[in-house]
Amino acid sequence: MNPISAITTGLRSQNLEMKVNQTTARQEVQKGQETETSTFQSVLNLLDADGDGAISTGEVRKGLELFVTSFVGERDLNGDQGLGIEETGIHPAAFQHLDADADNILNEKEIIQEAGRILDGLFSVLDVNGDDLLGREELAILELLFGGKPLSEGNAEIGGDMVFNRRLGPEGEVLELDMETLPERMRRAGFQGSDNALYYALAHVYKYGPDPEMPDDGAGSLAELNTRRQELYQWFDREIEKARAVLKANPKASLTAIANDGPDRCGFRLGEAILERLADFGPRVRLGEVFTENA
Numbered sequence: 000m001n002p003i004s005a006i007t008t009g010l011r012s013q014n015l016e017m018k019v020n021q022t023t024a025r026q027e028v029q030k031g032q033e034t035e036t037s038t039f040q041s042v043l044n045l046l047d048a049d050g051d052g053a054i055s056t057g058e059v060r061k062g063l064e065l066f067v068t069s070f071v072g073e074r075d076l077n078g079d080q081g082l083g084i085e086e087t088g089i090h091p092a093a094f095q096h097l098d099a100d101a102d103n104i105l106n107e108k109e110i111i112q113e114a115g116r117i118l119d120g121l122f123s124v125l126d127v128n129g130d131d132l133l134g135r136e137e138l139a140i141l142e143l144l145f146g147g148k149p150l151s152e153g154n155a156e157i158g159g160d161m162v163f164n165r166r167l168g169p170e171g172e173v174l175e176l177d178m179e180t181l182p183e184r185m186r187r188a189g190f191q192g193s194d195n196a197l198y199y200a201l202a203h204v205y206k207y208g209p210d211p212e213m214p215d216d217g218a219g220s221l222a223e224l225n226t227r228r229q230e231l232y233q234w235f236d237r238e239i240e241k242a243r244a245v246l247k248a249n250p251k252a253s254l255t256a257i258a259n260d261g262p263d264r265c266g267f268r269l270g271e272a273i274l275e276r277l278a279d280f281g282p283r284v285r286l287g288e289v290f291t292e293n294a
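Next up, the structure:
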């Protein structure tokens with residue numbers, strides 16, 4: 000694994016355990032009888048130096064510098080303040096790419112320079128609203144994008160199931176999106192992550208849409224992130240089109256965008272995006288009861 004991959008690999012799992020100056024940062028979320036580690040909350044806690052609930056570019060850079068210092072220190076077996084190819088264990092071509100001065104030693108500056116370029120691109124990809132900060136919503140997307148599995152024809156739909164529940168109401172069929180069961184339905188579609196990550200990522204991506212503009216990172220890691228974003232958007236948009244077909248075929252059918260909303264479920268944001276997408280059905284599509292605190 001090369002140094003750049005090592006930096007991002009720490010974010011790929013829900014069970015994030017990232018060492019900075021020999022300190023392990025972990026945020027655990029209690030869920031029933033189980034405890035799950037929320038990657039995006041762990042990263043936020045790790046890097047949010049000023050405690051404002053978001054990560055700035057400066058905090059990302061500082062966190063990177065601390066990580067690289069720890070990374071080099073743990074692998075610098077001969078104490079020369081750098082890493083030879085044997086100490087890194089990476090492919091010679093990758094080593095040469097990172098070794099800017101061609102001295103056969105990777106120092107902290109060289110690793111930070113390349114990793115910083117990639118992380119700057121990653122930051123720009125995740126910062127969809129352009130406020131130069133990454134909040135928990137945008138970091139949740141990071142967890143989903145690194146942890147999710149690509150959609151395939153085999154698992155995109157199970158038995159023709161819809162993400163919208165269908166029931167018979169007093170005036171006709173009612174479709175509703177149950178936020179309680181949404182994470183499990185997303186996992187069945189091939190997306191992996193903690194419940195919070197799935198809520199935040201879907202609401203954010205479906206509101207803002209997939210971003211086709213992607214900085215070049217050489218290895219294509221950022222393009223992979225955008226692919227995951229597009230897969231998520233396209234999956235849910237197909238579900239919206241299924242709902243559209245039901246509403247179109249049955250003039251008495253209606254849709255409640257959100258049911259069983261709650262804190263950190265982002266029902267308001269996702270519901271507003273659904274209403275906008277199905278606006279041509281007018282009052283037959285309603286928002287439902289939502290929490291607005293995390294909109």
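Residue numbering for the sequence shown follows numbering that gives the first Met the number 0, starting at 0 and increasing by one per position. All C-beta atoms in this analysis are idealised placements derived from N, C-alpha and C, irrespective of residue type, glycine included.
Spatially closest choice to residue i from the options, by CA coordinates
i    : options                   : result
L254 : L274, E73 and I111        : L274
G52  : D75, G134, E107 and D102  : G134
I54  : L174, L138 and I239       : L138
V245 : G129, H96, V162 and E172  : E172
G88  : G78, R74 and E183         : R74
M178 : L65, E288, R166 and A188  : E288
R237 : F267, F163, V284 and E271 : F163
N249 : E107, E183, R283 and L97  : R283
K247 : G270, L277, L269 and G129 : L277
Q80  : W234, D194, N128 and N103 : N103
F235 : D194, A196, N225 and M185 : M185
D194 : P182, G78 and L63         : P182
S123 : P169, R165, P91 and N225  : N225
A256 : L65, R165 and A101        : R165
Neighbourhood of residue i by C-beta distance below 6 Å, restricted to the same chain and skipping five residues each side
i    : result
M161 : K241
E58  : L46 and A48
A99  : E109
K30  : With a pLDDT of only 38 at K30, under the threshold of 50, the placement of this residue in the model should not be trusted; the figure read from the coordinates follows. Same-chain partners within the cutoff: there are none.
Own chain residues within Cβ distance below 7 Å of residue i, not counting five before or after
i    : result
C265 : Y198, Y199, A202 and N293
R60  : G115
E86  : R74, D75 and L76
T291 : F267
E107 : V67, T68 and V71
A308 : Nothing can be reported for residue 308: it is not among the residues displayed for the chain, which extend from 0 to 294.
G208 : Y232
Cβ separation of residue i and residue j, assumed to be a contact under 8 Å, to the nearest whole Å
i    : j    : result
E113 : L132 : The pair is not a contact, with the Cβ atoms about 24 Å apart (cut-off 8 Å).
K206 : R285 : About 18 Å; that fails the 8 Å criterion.
Beta carbon of residue i nearer than 9 Å to that of residue j
i    : j    : result
L121 : L105 : no
L174 : A252 : yes
F94  : I84  : yes
T56  : D119 : yes
R243 : F190 : no
Residues near residue i by beta carbon distance below 8 Å, same chain, minus five either side
i    : result
L167 : V173
L63  : I6, I111, A114, G115 and L118
E170 : K251 and S253
Item to complete: Could you tell me whether the stretch 226-243 touches the stretch 260-267, using the rule of 3 or more Cβ pairs below 8 Å?
Response: no
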